[in-house]
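Top to bottom, those sequences are chains A and B. In this text, residue positions in the first sequence follow full-length UniProt numbering: the first is 1, and each later residue adds one. In this text, residue positions in the second sequence follow full-length UniProt numbering: the first is 1, and each later residue adds one. Shown next, in structure tokens, is the structure this report addresses.
2 protein chains.
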Amino acid sequence: MGHGGGGALSGELTRHLFTPAYGNETLGGLGDSAVLPLPGARLAFSTDSFVVRPLFFPGGSIGDLAVNGTVNDLAMSGARAAYLSCAFILEEGVGLPVVGRIADAIGAAAAAAGVVIATGDTKVVEAGHGDGVYVNTSGIGLVPDGVDIRPQRAVPGDVVIVSGPIGLHGIAIMSVREGLEFGVEVESDTAPLGSLVEAMLAVTRDVHVLRDPTRGGLGTALNEIAAASGTGVALVERHVPVPEAVAGACGFLGLDPLYVANEGRLVAFVPRTEADAVLAAMRAHPLGTGAAVIGECVAEHPGMVVSRTGLGGTRVIDLPLGEQLPRIC
Amino acid sequence: MGHGGGGALSGELTRHLFTPAYGNETLGGLGDSAVLPLPGARLAFSTDSFVVRPLFFPGGSIGDLAVNGTVNDLAMSGARAAYLSCAFILEEGVGLPVVGRIADAIGAAAAAAGVVIATGDTKVVEAGHGDGVYVNTSGIGLVPDGVDIRPQRAVPGDVVIVSGPIGLHGIAIMSVREGLEFGVEVESDTAPLGSLVEAMLAVTRDVHVLRDPTRGGLGTALNEIAAASGTGVALVERHVPVPEAVAGACGFLGLDPLYVANEGRLVAFVPRTEADAVLAAMRAHPLGTGAAVIGECVAEHPGMVVSRTGLGGTRVIDLPLGEQLPRIC
Numbered sequence: 001m002g003h004g005g006g007g008a009l010s011g012e013l014t015r016h017l018f019t020p021a022y023g024n025e026t027l028g029g030l031g032d033s034a035v036l037p038l039p040g041a042r043l044a045f046s047t048d049s050f051v052v053r054p055l056f057f058p059g060g061s062i063g064d065l066a067v068n069g070t071v072n073d074l075a076m077s078g079a080r081a082a083y084l085s086c087a088f089i090l091e092e093g094v095g096l097p098v099v100g101r102i103a104d105a106i107g108a109a110a111a112a113a114g115v116v117i118a119t120g121d122t123k124v125v126e127a128g129h130g131d132g133v134y135v136n137t138s139g140i141g142l143v144p145d146g147v148d149i150r151p152q153r154a155v156p157g158d159v160v161i162v163s164g165p166i167g168l169h170g171i172a173i174m175s176v177r178e179g180l181e182f183g184v185e186v187e188s189d190t191a192p193l194g195s196l197v198e199a200m201l202a203v204t205r206d207v208h209v210l211r212d213p214t215r216g217g218l219g220t221a222l223n224e225i226a227a228a229s230g231t232g233v234a235l236v237e238r239h240v241p242v243p244e245a246v247a248g249a250c251g252f253l254g255l256d257p258l259y260v261a262n263e264g265r266l267v268a269f270v271p272r273t274e275a276d277a278v279l280a281a282m283r284a285h286p287l288g289t290g291a292a293v294i295g296e297c298v299a300e301h302p303g304m305v306v307s308r309t310g311l312g313g314t315r316v317i318d319l320p321l322g323e324q325l326p327r328i329c
Numbered sequence: 001m002g003h004g005g006g007g008a009l010s011g012e013l014t015r016h017l018f019t020p021a022y023g024n025e026t027l028g029g030l031g032d033s034a035v036l037p038l039p040g041a042r043l044a045f046s047t048d049s050f051v052v053r054p055l056f057f058p059g060g061s062i063g064d065l066a067v068n069g070t071v072n073d074l075a076m077s078g079a080r081a082a083y084l085s086c087a088f089i090l091e092e093g094v095g096l097p098v099v100g101r102i103a104d105a106i107g108a109a110a111a112a113a114g115v116v117i118a119t120g121d122t123k124v125v126e127a128g129h130g131d132g133v134y135v136n137t138s139g140i141g142l143v144p145d146g147v148d149i150r151p152q153r154a155v156p157g158d159v160v161i162v163s164g165p166i167g168l169h170g171i172a173i174m175s176v177r178e179g180l181e182f183g184v185e186v187e188s189d190t191a192p193l194g195s196l197v198e199a200m201l202a203v204t205r206d207v208h209v210l211r212d213p214t215r216g217g218l219g220t221a222l223n224e225i226a227a228a229s230g231t232g233v234a235l236v237e238r239h240v241p242v243p244e245a246v247a248g249a250c251g252f253l254g255l256d257p258l259y260v261a262n263e264g265r266l267v268a269f270v271p272r273t274e275a276d277a278v279l280a281a282m283r284a285h286p287l288g289t290g291a292a293v294i295g296e297c298v299a300e301h302p303g304m305v306v307s308r309t310g311l312g313g314t315r316v317i318d319l320p321l322g323e324q325l326p327r328i329c
């Protein structure tokens with residue numbers, strides 16, 4: 001199960017097995033989406049399969065995740081999603097009303113994100129060889145001229161901004177899956193981030209890195225960026241916005257909010273000179289009202305994420321080996 | 001299970017559930033891939049999930065199907081595949097050597113088809129919620145200027161050509177799955193059809209329809225084209241190339257070769273004036289040596305496929321309700 005968790009084991013599978021097998025430069029970038037040259041345009045192209053349990057949860061469904069997840073992967077290249085594909089693997093016996101509710105959620109989420117479902121596929125497998133509904137979406141979008149956003153571009157001096165409070169999606173899933181109550185209902189943050197990214201790029205095209213910290217959470221995303229760029233990331237842990245309900249649930253469950261999944265948040269690495277303006281633009285957008293500076297890139301500890309703790313000490317934020325919560329997306 | 005078989009039930013699911021839910025014109029075309037406008041280019045975009053059992057079979061593997069299937073869906077729009085995504089859903093406990101063999105097959109098939117694996121994803125589900133390995137590929141390619149290939153373009157007078165003998169993939173899968181022996185080993189015909197389509201388009205850009213008759217076989221493909229265009233298709237059944245081994249196996253199993261899956265064949269509808277030249281170009285290509293004219297479009301029985309049998313009678317070739325062989329691709 002750990003190989004599917006988005007942590008170190010997932011990375012090994014990709015680096016040591018898939019990348020050599022497919023042998024090409026494009027895949028080597030390992031961003032959330034590939035940026036591809038075509039005559040007259042640069043395309044972003046991304047794919048994700050969704051296996052979340054349960055199919056419906058507070059704040060959304062597998063249908064919302066399937067649209068928003070791929071829209072967001074494209075947005076992390078600076079691209080506005082144009083077209084999505086949508087492929088179902090249905091388990092024999094799943095009710096058509098369930099499939100219908102998911103398709104309706106996909107349609108509504110696509111409309112909200114301004115993306116067109118262009119093509120699809122449906123396969124059915126025998127009972128016991130699936131889990132109700134699995135969905136794959138792939139997406140394509142155009143990358144604006146002058147935009148070059150990828151993990152390798154983080155450099156010392158960059159300011160690290162998160163777009164809002166973290167951990168809501170993971171805790172929302174966990175609460176329904178385990179039947180836990182935390183006083184207040186925690187809702188998933190699933191949302192399409194394309195227009196937030198557009199608002200940021202209207203300030204400056206020189207955004208260095210964007211990442212949506214889904215599986216593996218913020219801690220994993222920061223580690224991947226530090227490793228890809230060879231830059232150190234200094235995190236000010238007390239500046240990371242953690243909702244009270246998430247902090248409480250994490251304490252109860254023995255989880256670290258830094259590794260809990262998000263579905264409607266992004267982390268941005270921007271040049272210091274642009275940071276204030278980008279932060280202001282984010283806060284003016286409905287999906288960025290809780291944006292906060294949470295750290296910076298440093299020349300020290302290259303490739304590592306180090307947190308300054310509340311007490312003035314430091315701790316290394318590692319890449320998790322597997323996953324805290326399986327099948328979160 | 002029938003809803004995944006590519007027959008009438010699959011069509012109902014798409015028409016009555018998915019298309020209304022996603023509500024857009026692009027999806028309404030319902031070809032093997034969508035043709036999408038982007039500044040300066042027309043893109044083809046297609047997706048397919050592969051759930052074939054077993055993962056390895058005579059003539060190929062799920063990896064070959066995953067590449068060739070999507071390359072071929074793009075080719076059926078006249079597009080040369082440029083980039084593929086590749087997403088795995090792995091069942092907990094599947095051996096990494098198995099995943100490695102599949103990834104190697106994907107890499108080799110991509111190289112053979114001249115397509116780049118640009119982006120990917122891996123999810124892992126618990127044992128009992130998958131079946132070893134499921135693979136989704138999505139692909140994008142460019143449609144040449146002046147090419148407009150889609151099922152709606154079939155018109156009375158078109159000549160119907162199949163690129164080679166039918167039924168090999170389905171019988172190859174069936175033979176290993178059921179442990180049957182038919183004297184000679186039947187191998188899957190899985191192959192990338194992009195270069196064959198290029199050779200055809202070098203003769204004329206006015207190819208009306210292309211379809212790779214996979215799930216549901218040639219009979220289903222012809223029915224879909226007849227229904228989409230409102231044209232009658234008159235099939236000369238004795239001209240359909242059925243290998244002896246396929247005919248024998250079908251007799252033994254009680255199957256109709258017209259509904260058995262293919263993975264490296266196409267059916268083309270071309271204007272009568274171009275038919276001889278297109279057929280010659282196909283026969284000169286390694287994947288089209290067995291090409292044959294199998295019928296024509298007629299003004300009679302609009303939307304229906306009618307076969308002239310060996311004895312001079314006629315029979316209606318219906319759209320099958322579900323599927324003869326589940327999980328064939």
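Beta carbons: idealized from backbone N, C-alpha and C, even for Gly. For clarity, every value in this text was computed on a predicted model and none was experimentally measured.
Residue range 41 to 50 is occupied by the beta strand (DSSP E) that includes A:S49. Relative to the Cα of B:D145, the nearest Cα in the group B:R15, B:V278, B:R42 belongs to B:R42.
With distances taken between CA atoms, B:P54 lies nearest to B:R177 out of B:R177, B:M200, B:G264.
Counting C-beta atoms within 10 angstroms of its own C-beta, B:T220 has 16 or more neighbours from the protein chains shown and is therefore classed as buried. Against chain A, a Cβ distance below 7 Å from B:S49 picks out A87, I89, D121, K123, N136. Residues of chain B whose Cβ lies closer than 7 Å to the Cβ of A:H129 are, in chain order, G130, D131.
Sequence-ordered contacts of the segment 91 to 110 of chain B with chain A read E92, L96, V99, G100, A103, D104, I106, G107, A110 [C-beta pairs closer than 8 Å]. Exposure of B:R238 is indicated by the presence of fewer than 16 other C-beta atoms within 10 angstroms of its C-beta. In this structure, B:Y83 sits away from B:G120, with a CB-CB distance that is not shorter than 8 Å. Leaving aside the five residues that flank A:V147 on each side, the residues in its chain whose CB is nearer than 7 Å to its CB run, in chain order, G78, L201, R205. Inter-segment contact for the segment 207 to 220 of chain A and the segment 257 to 272 of chain A is present: three or more beta-carbon pairs are separated by less than 8 Å. B:V186 and B:A247 have their C-alpha atoms some 11 Å from each other. Using a C-beta cut-off of 8 Å, the segment 50 to 66 of chain B makes no contact with the segment 149 to 165 of chain A, since fewer than three inter-stretch Cβ pairs fall below that distance. Distances from the alpha-carbon of A:A44 to those of A:N72, A:V143, A:P241 put A:V143 closest. Secondary structure at A:V147: coil, using DSSP grouped into helix, strand and coil. B:Y22: member of the alpha helix (DSSP H) spanning 19 to 22, first to last residue. Secondary structure at B:A261: coil, using DSSP grouped into helix, strand and coil. Note: B:A234 is bridge-paired with B:E296, B:V306 in the DSSP secondary-structure output.
Around the beta-carbon of B:P97, fewer than 16 other beta-carbon atoms lie within 10 Å, marking it exposed. From the beta-carbon of B:E263, no residue of chain A is found nearer than 8 Å; the closest lies around 15 Å away. Between the beta-carbon of B:V242 and that of B:P302 there is about 27 Å, and that puts the pair past the 8 Å contact cut. Residue-level contact by beta carbon holds for B:L13 and chain A, with a gap shorter than 8 Å. Excluding sequence positions up to five before and after B:A127, its CB lies within less than 7 Å of the CB of E91, E92, G93, all in the same chain and listed in chain order. Interface criterion met: the Cβ of A:F18 is under 8 Å from a Cβ in chain B. Of the candidates B:Q324, B:P326, B:L235, B:L235 places its Cα closest to the Cα of B:S307.
Using a Cβ-Cβ distance cut-off of 8 Å, the segment 253 to 268 of chain A and the segment 213 to 232 of chain A are in contact, since at least three pairs of beta carbons, one from each stretch, lie closer than that value. Look at the segment 102 to 168 of chain A and you find these whole runs of beta strand (DSSP E), each 3 residues long or longer: 116 to 125, 133 to 142, 159 to 162.
With respect to the C-alpha of B:P192, the residue from B:L287, B:A8, B:S85 having the closest C-alpha is B:L287. Under the three-state reduction of DSSP output, B:I89 falls in the strand class. Here A:S188 carries a coil assignment [DSSP, helix/strand/coil]. Straight-line measurement puts the Cα of B:I173 at about 21 Å from the Cα of B:V71. In terms of Cβ geometry, A:I117 and A:A66 do not form a close pair [threshold 8 Å]. Per the coordinates, the alpha-carbon of B:L168 lies some 54 Å from the alpha-carbon of A:L253. For the pair B:E296 and B:V184, the Cα-to-Cα distance works out to about 33 Å.
Comparing alpha carbon positions, the residue from A:H16, A:H129, A:A34 closest to B:S85 is A:A34.
Remark: C-beta atoms of A:A228 and A:P151 approach each other more closely than 8 Å.
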